[in-house]
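What follows is one structure encoded as structure tokens, with my remarks underneath.
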């Protein structure tokens with residue numbers, strides 16, 4: 001995804017031109033984060049929230065498309081599909097008996 005402003009080693013970090021602290025080693029636990037680190041984290045959180053919003057929109061769109069497809073899909077409407085038939089194993093036909 002986008003740039004990660006905190007290099008905690010939890011996931012890959014992509015350095016961004018607007019976030020020069022992305023490649024820094026993880027900060028020591030005995031000191032508070034710097035204001036720049038807060039700013040980077042806020043930028044990263046905002047980017048992640050935007051991506052989540054886009055993914056939710058895509059999920060809604062695809063779910064609606066699936067519902068519409070299910071209404072007219074001949075494979076789903078066919079009464080023969082009510083009883084599932086066993087599928088032949090494709091590899092079984094190639095093996096000697």
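In the UniProt record's numbering, the protein residues as written are 1 to 97.
Just so it is clear, CB atoms sit at the ideal spot from N, CA and C, and this is done for glycine as well.
Predicted model, so just to flag it, every value in this text is computed and none were measured.
Anticipated Cβ contact below 8 Å, residue 76 with residue 68, distance rounded: To locate residue 76, count along the chain shown from 1; it is residue 76. To locate residue 68, count along the chain shown from 1; it is residue 68. That belief does not hold up - the Cβ atoms of residue 76 and residue 68 are roughly 12 Å apart, past 8 Å.
Helix, strand or coil, according to DSSP, for residue 60 in the structure here? The sequence position of residue 60 within the chain shown is 60, counting from 1. Note: residue 60 maps to helix in three-state DSSP.
Taking only three categories from DSSP, how would you classify residue 32? The count along the chain shown starts at 1 and reaches residue 32 at position 32. Coil.
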